[in-house]
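Residue numbers (the numbering used here), protein chains in the order written: chain R, 1 to 248; chain F, 249 to 496; chain B, 497 to 744; chain L, 745 to 992; chain U, 993 to 1240; chain A, 1241 to 1488.
Yeah, the Cβ is synthetic: ideal placement off N, Cα and C, and Gly gets one too.
I have placed the structure first, in the form of structure tokens, so that the comments after it can refer back to it.
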């Protein structure tokens, strides 16, 4: 099985880490390949960023299907372009946020999502609601570190994320934690351990890991998104700057 | 007051009709100007189309603010790009769907939305939910005519829309009707009259009209969207094909 | 256009200020006339007060329609008598609470309502729910000044309202503020400015202003409430003390 | 124990039947007294009717408390004046709709309410929602006989109500039936029997019976409504035609 | 009338107190008999305990119906076995939690439930939701005393429960209090008095009392649960250790 | 990895088929073992059946953990005993209903569940709600074949299930189908093909397959249910007929 992970930014430096994060939990026989965008933004933190990365995500997703991969994952907790890509593709398109929030909903009464910036809370609350999971949401809490600074001081990032997670558990009633940024890939185990030390024994999910297992399961079970929900669009006239879109 | 209406497609032929539709109900002192997209699709019927029109909608919206207009309306019932444009702009950005659904919610117990194709029903239901108006929704019904064919036989379109509206009233309990495609601009009065003839006395909204009155009211009252919900994004590195984005 | 504002109390002293508040934002060609009640209470703060003012509100509303005005506004954030008046009238009947809460829902993720007394919180929460806007409500907060004392010390009132608004923003996640008493008419701009000084940049609505623009828009668009939701009641036997009701 | 039933109309002819309906299930030691209104309408079918009966319901309710009765029931499925009366009284005020809908919610998965006229469906749906019972509601169905004609042909009324109940069971999934008009007092047993004959074994409640047992239970348990929800209003200036209100 | 109260534990020592609690408010002509379980656990605090007591609760419930009692109450705020017993019985089966939460919903805007241990909060929240009463719930709060230690120091228990109730009122907006453990039977009056002393005038329910009045009312009105919701199961092969089940 | 599948009935004949169904999609290195109950019922169709199988499911689940298996699946779409077993175990306990409904929610706008008997619809609707997935539910439809007769005429069963699925798609707006009985294990592909022939292209899940992939993923990712939601119960006195419980 070959799964294509789309790094939905132009920050090509993330590719190696991303690939490693996904490979770490993939089945030994699963091939993971990562591509970044030619056009788009350096990171994704708002509606504007979504707008600028989605067209090229669609290009990369369609290319993946043409190349014969079995599933596509968009490596961002905003799940940008996932709905549009499902219209264009028949192979599974997995969003780490959607997959990990549904798993979180299975593991406990309510979950909290940790997001990078306070300014993203409304957007993330809307996203949870769009998956039909409002009733399972304890809270969205921000740890207030921008995406591009997450790796500047990993220890400080970890401590801050653990602290905010503990607030989610103790004050909001969170019983499962979902880190809301794929820039935190690989931190889940340490967050869970840190919380346990503070007396908060709750599962902490690693969304990229959940995404890859979900993608593998869908491929293995011969399942994909419903074409009634994501009907294949008709070809229609369009104009696009400089490049041809969609493999024509 | 100057309101910029963005025709969020590359179908420049619609501009004259669009302009007329908005001017018809605007205050005599309100200037209405319409622009179409340089890049994008010919019409908007799915997530893919949204993806391809939003970047250029943002360009046009930012240009509008730079030119000193007081408000922007995106002339499509999918409200494409409205959230992202609100991040980038301080002047009001009005979506005809959001504005007319909230007005519909004030006028009656439940409203129904008429959408072009059955395939768009899930997307429209999600859109209504995203405005927090699920409880006020009687149904989304499709009249099954693609956007680009609405004007082929206006009489048949009207009859079909009246018929589906009557089903919404009698079978789903709709008490207000919201035509879910700005391609039906100007039909509202005739739909309402047709329904009245069939014994269904319900208001039928004309979303472009509602949008222009909402935009005028916001400007006059000195109001715009909350920057806590739509915070202005930081500048960040990006790459885009052929053109410079955002007026640089 | 002629809009009749009903001051739904017997406190005739409010008429001049009320008239000014509505005229301030009305179209120059809109005539605003204000009437107070012959029978009723001095202010409106509970279910009992609603009971005592609504019969006469209906009288005044029916008289307004007979006199040929184009729309009626009931100047109270409890929207007393609005539903009943809609049964009796064909011209639009606008409640400032309903109109401003729907506008607030369009401007941001969640809004908070400021109400006079803690004792009114359950009633206001029920009112928001009755408009189908629960999901958009951040909180109802009381600033604990009775209606009849709002104007005793306007500066103290303003400071108290700003303080409570800031709590709504910072603790409850409010992103838009709706003052929940028309006694605060005209304060909105100063509340918004006061919040901005404290680092809370959120829109603050002036419900009378929103009501008048909504009424003007409905008249201009030829719209009114659905008679399916508010069917005209049959004449039926009644008995009423001392006066004839309803213009007979 | 003495329970005062307020017939919230001026139709004094209903008093004897009303009294009998309540006495039939009351404890032998419970005294039931019925009063009708001096001022108000002949029946209650819309918001306008509510407006015209509530002031006098409050008078009668306050008089009842002054006279030393232990509980008040307002004999109408619109529960008119119940909230306002709870502000004014410390003894329990029971609405047959609220009491029977909560009991219905305990007896089965979902209940349907039968209302007199299609025009009342929105109002009844709002009422169910205001009790927090939306999730337990299968449907509101109208049997389309005005209140004042219910007794013209009792057999036809019964047959029609059974037929509509069966539709509620088979088409809407109702598992309990709540007749939504106290004019159907005493029919419940026959509706239930009629449904059973048609293969629909569901409980059918008699709201006046439920109201009287609820009132008796509250009195016996020393309970009444929360004064935090229904705080006692301050005295305040008022003016009222011809009569003094509230026992002054 | 004869009502059978099932003490759903093997702790026979509770029988006398239980019997007294139910008799205290029962009609003088109502006979109350209490039985404990032969098989099961000493108290009920989790899903595992439910699993171990329900089979024998069903045995006792079926025996009660065979013996000709008119109603069954399961004396635990988890309402264990109530749904299953309703399948097997035609006489009313009353759960104190369901009955008292619906009554609480009638008495005020929102209610809080006091539960024994923080660990039970998710379970109790789910239970409230299963009754369709989420919207009426202010909070579930734990007073952190295990069931079997409630009676060790009744004064300390009372003080702790009052303190937590006050938090529910002041911080969560509770307007009615429901003690969430039948081990607190008889405390309601003192909790209510304690709260009143602290300025929180709210009703506090005694769930066993509510259960017995509900059972009496159902019997008197000839009502029971809907067999459409709780259909009688077909006989089917089973195997059970050592004993015959269900009276065979 | 070793996964224990509990056939939660005494019908040992199902073991071979069950084992095959789970092995078919399990990883080649995953060992699947199936155990049936010593005590319980022959099939599971109601609350009573749940009551009689759960105690022994807990025995089998605890035995599985003691034996060192890595995860437990309870092979029934009622997910009986899953919550209680999670209290007792630290290894993942997977319910096929919960796992497949969450996956269905990811694959399309709304899903329908097919259940055996109309009498089970309320129970299944409650179950979906308990997972927080009400908003994603299109409908629960019954195909009216008892569990024990599913295999009598597999072709007729298949045709009936396809027919009911088509109704769910066309009439209820289902966009994903979840067979609500593990007795339909292995049918999913044929139902999906049958629906496709009738023009309904929707994914049809095989709940046992989804359960096994979910269990494998949890084990691989080192995740299990939150012990804050499912806290380990204290040991406490109990009495049980004939056997010792829980491995003592």
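Where residue 978 of chain L falls, given that 16 or more other Cβ within 10 Å makes a residue buried: Start at 1 with the first residue of the fourth chain, and residue 978 of chain L comes out as number 234. So residue 978 of chain L ends up on the exposed side.
Buried versus exposed call for residue 551 of chain B [16 or more other C-beta atoms within 10 Å across all chains shown]: To locate residue 551 of chain B, count along the third chain from 1; it is residue 55. Buried, because 16 or more other Cβ atoms sit within 10 Å of the Cβ of residue 551 of chain B.
Min CB distance residue 175 of chain R to chain U below 8 angstroms: Locating residue 175 of chain R in the first chain gives position 175, where the first residue counts as 1. Cβ-Cβ to chain U under 8 angstroms: yes for residue 175 of chain R.
Near-chain R residues of the stretch 1098-1115 of chain U - C-beta to any C-beta below 9 angstroms: Taking 9 angstroms as the Cβ-Cβ cut-off against chain R, the residues of the stretch 1098-1115 of chain U that qualify are 1113, 1114 and 1115.
is_contact[residue 6 of chain R, chain E] using C-beta, thresh 8 angstroms: Considering every chain present, this structure includes no chain E. Its protein chains are R, F, B, L, U and A.
CB of residue 340 of chain F within 8 angstroms of CB of residue 473 of chain F, strictly: For the purposes of this step, residue 340 of chain F is taken as residue 92 along the second chain, with counting starting at 1. For the purposes of this step, residue 473 of chain F is taken as residue 225 along the second chain, with counting starting at 1. Yes, they are a contact pair.
Outcome for residue 726 of chain B when other beta-carbon atoms lying within 10 angstroms are tallied against a minimum of 16: The residue labelled residue 726 of chain B in the question sits at position 230 within the third chain. Residue 726 of chain B should be labelled buried.
Beta-carbon contacts of residue 1458 of chain A that lie in its chain and below 6 angstroms, excluding the five residues immediately before and after: Numbered from 1 along the sixth chain, position 218 holds the residue referred to as residue 1458 of chain A. Answer for residue 1458 of chain A: 1332, listed in chain order.
Simplified DSSP assignment, three categories, for residue 403 of chain F: Within the second chain, the letter at position 155 stands for residue 403 of chain F. Helix.
With 16 other Cβ atoms within 10 Å as the buried cut-off, status of residue 1147 of chain U: As a working note, residue 1147 of chain U is residue 155 in the fifth chain. Here residue 1147 of chain U is exposed. Its C-beta has fewer than 16 other C-beta atoms within 10 Å.
When R:57, R:35, R:123 and R:47 are compared against residue 305 of chain F, the one with the closest alpha-carbon: In the second chain, the residue the question calls residue 305 of chain F occupies position 57. Taking only the C-alpha atoms, the option nearest residue 305 of chain F is R:47.
Environment of residue 534 of chain B [buried if 16+ CB atoms lie within 10 Å]: Here residue 534 of chain B refers to the residue found at position 38 of the third chain. Taking every protein chain shown into account, the CB of residue 534 of chain B has fewer than 16 other CB atoms within 10 angstroms, so this residue is exposed.
Where residue 1226 of chain U meets chain L, residues with beta-carbon distance less than 8 angstroms: The residue given as residue 1226 of chain U occupies position 234 in the fifth chain. Using a Cβ-Cβ cut-off of 8 angstroms, residue 1226 of chain U is close to nothing in chain L; its nearest Cβ partner there is about 16 angstroms away.
Cutoff 7 angstroms; reference residue 1017 of chain U; Cβ partners in own chain excluding five residues on either side: Counted from its first residue, the fifth chain places residue 1017 of chain U at position 25. The answer, listed in chain order, is 1201, 1204 and 1205.
Within-8 angstroms CB hit, residue 430 of chain F to chain B: By one-based count along the second chain, residue 430 of chain F stands at place 182. Not an interface residue.
Amino acids of chain A, ordered along the chain, whose beta-carbon sits closer than 8 angstroms to that of residue 224 of chain R: The residue given as residue 224 of chain R occupies position 224 in the first chain. Residues of chain A passing the Cβ test: 1347 and 1443.
Sequence-distant residues of its chain with Cβ nearer than 7 angstroms to residue 1013 of chain U (five each side left out): Numbered from its first residue, the fifth chain carries residue 1013 of chain U at position 21. Once the five neighbours on either side are set aside, the close Cβ partners of residue 1013 of chain U are 1177, 1178 and 1200.
Straight-line gap, residue 984 of chain L to residue 549 of chain B (C-alpha atoms, nearest Å): By 1-based counting over the fourth chain, the position of residue 984 of chain L is 240. By 1-based counting over the third chain, the position of residue 549 of chain B is 53. Approximately 10 angstroms, taken between the alpha carbons.
Any chain R beta carbon closer than 8 angstroms to residue 256 of chain F: One-based indexing of the second chain puts residue 256 of chain F at position 8. No, residue 256 of chain F lies away from the interface with chain R (no Cβ there is under 8 angstroms from its Cβ).
Coarse secondary structure for residue 1356 of chain A, derived from DSSP in three states: In the sixth chain, the residue the question calls residue 1356 of chain A occupies position 116. Three-state result, residue 1356 of chain A: coil.
Residue span of the beta strand (DSSP E) that contains residue 1299 of chain A, given as start and end: On the sixth chain, position 59 is the one that residue 1299 of chain A refers to. It is not in any beta strand (DSSP E) - residue 1299 of chain A instead sits in the alpha helix (DSSP H) that spans 1287-1307.
Per-residue contacts from residue 383 of chain F into chain B (C-beta, under 7 angstroms): Sequence index remark: in the second chain, residue 383 of chain F carries index 135 (1-based). What residue 383 of chain F touches in chain B: 628.
Residue 1230 of chain U in three-state terms, based on DSSP: Position 238 of the fifth chain holds residue 1230 of chain U. In the three-state reduction of the DSSP assignment, residue 1230 of chain U falls in the strand class.
Which residues DSSP lists as bridging residue 1328 of chain A, in chain order: Stepping through the sixth chain from its first residue, residue 1328 of chain A is reached at position 88. In DSSP, residue 1328 of chain A forms no bridge with anything.
Closer than 8 angstroms at the beta carbon, the chain U residues around residue 1283 of chain A: For the purposes of this step, residue 1283 of chain A is taken as residue 43 along the sixth chain, with counting starting at 1. Result: 1228.
Euclidean distance between Cα positions of residue 358 of chain F and residue 1128 of chain U: For the purposes of this step, residue 358 of chain F is taken as residue 110 along the second chain, with counting starting at 1. For the purposes of this step, residue 1128 of chain U is taken as residue 136 along the fifth chain, with counting starting at 1. When rounded, the distance between both Cα atoms is 23 angstroms.
Beta-carbon proximity of residue 195 of chain R to residue 100 of chain R, cut-off 8 angstroms: Along the first chain, read from residue 1 onward, the residue named residue 195 of chain R stands at position 195. Along the first chain, read from residue 1 onward, the residue named residue 100 of chain R stands at position 100. Contact flag unset, no.
Cβ of residue 1150 of chain U within 8 angstroms of any chain L Cβ: For the purposes of this step, residue 1150 of chain U is identified with residue 158 of the fifth chain, where counting begins at 1. Interface annotation, residue 1150 of chain U: not in contact with chain L, CB-CB separation never under 8 angstroms.
Residue 556 of chain B at chain F interface by Cβ criterion, 8 angstroms: As a first step, residue 556 of chain B is located in the third chain; it is residue number 60 there, counting from the start. No - not a single Cβ of chain F is within 8 angstroms of the one on residue 556 of chain B.
Chain B contact for residue 934 of chain L (CB, 8 angstroms cutoff): Translated into the one-based positions of the fourth chain, residue 934 of chain L becomes position 190. So, not an interface residue.
Residue 536 of chain B, DSSP secondary structure in three states: Locating residue 536 of chain B in the third chain gives position 40, where the first residue counts as 1. It is a strand residue.
Neighbourhood of residue 1348 of chain A by C-beta, 6 angstroms cutoff - its chain only, sequence neighbours within 5 removed: For the purposes of this step, residue 1348 of chain A is identified with residue 108 of the sixth chain, where counting begins at 1. Excluding residues within five positions, the ones whose Cβ falls inside 6 angstroms are 1415 and 1416.
Range covered by the beta strand (DSSP E) that runs through residue 673 of chain B: The residue given as residue 673 of chain B occupies position 177 in the third chain. First-last of the beta strand (DSSP E) with residue 673 of chain B: 672-675.
Three or more C-beta pairs below 8 angstroms linking the stretch 1-12 of chain R and the stretch 57-68 of chain R: yes
Residue(s) in a DSSP beta bridge with residue 1377 of chain A: On the sixth chain, position 137 is the one that residue 1377 of chain A refers to. Bridge partners of residue 1377 of chain A: A:1351.
Cβ-based neighbour list, residue 616 of chain B, same chain, cut-off 6 angstroms, excluding 5 preceding and 5 following: Taking the third chain and counting its residues from 1, the one referred to as residue 616 of chain B is at position 120. If we look at residue 616 of chain B and ignore the five residues flanking it on each side, it has no Cβ neighbours.
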